[in-house]
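Chains as they are written, first to last, in the working numbering: chain A, 1 to 236; chain B, 1 to 88. Okay, so here's the structure we're looking at.
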Amino acid sequence: LHANLHGVVDDPLHTDKETHCQRNPFCEIAVEEAVRMKDQKLASEVVAVTIGPTQSQETLRTAMAMGADRGVHIKCDQELQPLTVAKLLKAVAEKEKPDMVLLGKQAIDDDANQTGQMLSALLGWSQGSFASKVTATKESLEVVREIDGGTETLSLKMPAVVTADLRLNEPRYATLPNIMKARKKPVETMSPEDLGVSIDTKLKTVSVAEPPTRQAGAMVADVNELVAKIKAAGFA
Amino acid sequence: VRDLYKRVIVVGKDYPKGPDYVREKAKKWFFQNKDLSSERDIKRAVATGRAFIRDEMIAAIQLKKYRVMRERYKVPEEEALAENRTKS
Numbered sequence: 001l002h003a004n005l006h007g008v009v010d011d012p013l014h015t016d017k018e019t020h021c022q023r024n025p026f027c028e029i030a031v032e033e034a035v036r037m038k039d040q041k042l043a044s045e046v047v048a049v050t051i052g053p054t055q056s057q058e059t060l061r062t063a064m065a066m067g068a069d070r071g072v073h074i075k076c077d078q079e080l081q082p083l084t085v086a087k088l089l090k091a092v093a094e095k096e097k098p099d100m101v102l103l104g105k106q107a108i109d110d111d112a113n114q115t116g117q118m119l120s121a122l123l124g125w126s127q128g129s130f131a132s133k134v135t136a137t138k139e140s141l142e143v144v145r146e147i148d149g150g151t152e153t154l155s156l157k158m159p160a161v162v163t164a165d166l167r168l169n170e171p172r173y174a175t176l177p178n179i180m181k182a183r184k185k186p187v188e189t190m191s192p193e194d195l196g197v198s199i200d201t202k203l204k205t206v207s208v209a210e211p212p213t214r215q216a217g218a219m220v221a222d223v224n225e226l227v228a229k230i231k232a233a234g235f236a
Numbered sequence: 001v002r003d004l005y006k007r008v009i010v011v012g013k014d015y016p017k018g019p020d021y022v023r024e025k026a027k028k029w030f031f032q033n034k035d036l037s038s039e040r041d042i043k044r045a046v047a048t049g050r051a052f053i054r055d056e057m058i059a060a061i062q063l064k065k066y067r068v069m070r071e072r073y074k075v076p077e078e079e080a081l082a083e084n085r086t087k088s
């Protein structure tokens, strides 16, 4: 298989200056899967893509330390919605022409679980989301998906978009020698304007709140007290 | 030896107990061995250090991360099982 595989690393935390950008764990799993395919000689090149402020370059270096061959950094300081991310990735995919785009199923900041699906629709490519196993053959990709009540196995024609679920693999840890090697790998930087994508958003976050704290349970002495409390609460 | 120290510090950034804890422990560790003179002893100590990074530190980091993720993103069956446990 001659394939350019993309492990996409999406950086979530932009708004707080004190918060360091975190690597999205699901995207790390995607990068790991791409690198494994390269290790197995199923893929010829792995390109890692990240969208975010300058700090996201560090995430890119980690992806390259894990084994990606080069990086693409779309520099953007604003928090982006999934549709915008999908449009940016579409532009990159049209430039790079990979056989497969691998993403995390969702980002741990918004838990939207939309980008991969939107990307596949925008590109008109096959889609295998919530992948817990990916097997590549010359003609197709077999993706086992985690769904409610079990699993579903799909055979996808390439090019395809696959989103990684938690159980797809356990990513390797990038050690210092690999991080040093990664410094020599090329990173291309560009802006959303360079890709012809507008970052205007039609969505506005109205509020964010923590879930209400759980009320402590009450211990009862015996069945009679339990029954009395149930009656008092109006359930009997 | 300097390379080993760098490796410990870099991995320490991700360590659950925090980079400061790691730096303190590492300094103590390294100073305890500062009087080693034979090449064989030094090499052995460095090898022990590397093995420690690989088998203890990195393992602890990975375990913590994926335990947190598994807890946060339970599969429906796992969630049902967990709920049943709290109910009973």
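Note that beta-carbon positions come from the ideal geometry of N, C-alpha and C, so glycine has one too.
Assigned with DSSP and collapsed to three states, residue 18/B falls in coil, not helix or strand. Among the CB atoms of chain A, one or more fall inside 9 Å of the CB of residue 3/B.
Boundaries of the beta strand (DSSP E) harbouring residue 189/A: 187 to 190, taken from the DSSP string.
At a cut-off of 9 Å between beta carbons, residue 43/B makes no contact with chain A. Annotated as proximal: residue 72/B and residue 108/A, with beta-carbon spacing under 9 Å.
The straight-line gap separating the alpha-carbon atoms of residue 110/A and residue 92/A is approximately 23 Å.
Neighbourhood of residue 6/B in chain A, by CB distance below 9 Å: 176, in chain order.
Contact between the region 88 to 106 of chain A and the region 57 to 66 of chain A is absent: fewer than three C-beta pairs spanning the two stretches fall below 8 Å. The Cβ atoms of residue 32/A and residue 131/A lie no closer than 9 Å to each other. Counting along the chain, residue 56/B sits inside no beta strand (DSSP E), nor does DSSP assign it H or E at all. Of 51/B, 34/B and 9/B, the smallest CA-CA separation from residue 22/B is found for 9/B. Contact between residue 57/A and residue 187/A holds, with the beta-carbon distance rounding to 7 Å and staying under 8 Å.
Your pair residue 25/A and residue 65/B checks out as a contact, with CB atoms roughly 7 Å apart and the cut at 8 Å. The Cβ atoms of residue 124/A and residue 145/A lie no closer than 9 Å to each other. Positions of the alpha helix (DSSP H) runs, each at least 4 residues long and wholly inside the region 58 to 82 of chain B, are given as 58 to 72 in order along the chain. Between residue 212/A and chain B, the shortest Cβ-Cβ separation is not below 9 Å.
In this structure, the beta-carbon distance from residue 74/A to residue 46/A does not fall below 9 Å.
Rounded to whole angstroms, the separation of the alpha carbons of residue 38/B and residue 86/A is 58 Å. Closer than 7 Å at the C-beta level to chain A, one finds these residues of the region 64 to 75 of chain B: 65, 66, 69, 70, 73 and 75. Using beta-carbon distances, residue 159/A does not count as an interface residue toward chain B, since no partner is under 9 Å.
For residue 126/A, same chain residues with a beta-carbon under 6 Å away, outside a window of 5 residues either side, are 156, 157 and 160 in chain order.
For the region 24 to 52 of chain A, the residues whose beta carbon sits under 7 Å from a beta carbon of chain B are, in order, 25. Less than 9 Å divides the Cβ of residue 61/B from the Cβ of residue 15/B.
Taking 9 Å as the cut-off, the Cβ atoms of residue 81/A and residue 163/A do not count as close. Ranked by how close their Cα comes to the Cα of residue 77/A, the residues 200/A, 53/A, 149/A and 219/A have 53/A in first place.
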